[in-house]
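Structure, as structure tokens:
In this note's numbering, the protein residues as written are 209 to 345.
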């Protein structure tokens, strides 16, 4: 079993304005890392860097952002391929998701994940065997 992390869950690790979410993210990451289930994508790495270094109330420095990306890239990382993009286009049309959310779903499915941790999609929804879990509800 694999667990896919969306960008927002990782960003909360550094969001001092949301201490409850920060703590929940830390515990979830620790548990999924220890179990060997954690997986992310190149999209998540890219979005994380931009968000963590530019959009937090107390953003990470470029160096801190780079160090965090280097650390996160030690986990299994799914590279975005053309088939993911085309699948996301179709899924966004079929389900009404934003393209970016559909791309997260596509890469999570292609990684063999059975759980997608995100706050951007409907908690409890199941898409082709992939359960959407909002860890903050």
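We put the beta carbon where it would ideally sit given N, CA and C, even for glycine.
None of the values given here were measured: they were computed from a predicted structure.
- When only Cα atoms are considered, residue 269 and residue 303 end up about 37 Å apart.
- If you draw a straight line from the Cα of residue 230 to the Cα of residue 260, it is about 13 Å long.
- A check of alpha carbon separations from residue 314 across 328, 289, 330 and 332 identifies 289 as the nearest.
- Residue 307 is classed as exposed because its beta carbon has fewer than 16 other beta carbons within 10 Å across all chains shown.
- Pairwise C-beta distances place the region 276-296 in contact with the region 247-257, as three or more of them are shorter than 8 Å.
- By the neighbour-count definition (other C-beta atoms within 10 Å, threshold 16), residue 343 is a buried residue.
- Here residue 268 carries a coil assignment [DSSP, helix/strand/coil].
- Looking at the backbone, the Cα of residue 312 and that of residue 220 are separated by about 18 Å.
- In this chain, residue 323 is not harboured by any alpha helix (DSSP H); it is covered by the beta strand (DSSP E) spanning 321-325.
- In the DSSP assignment, residue 234 falls within the unbroken alpha helix (DSSP H) covering 227-242.
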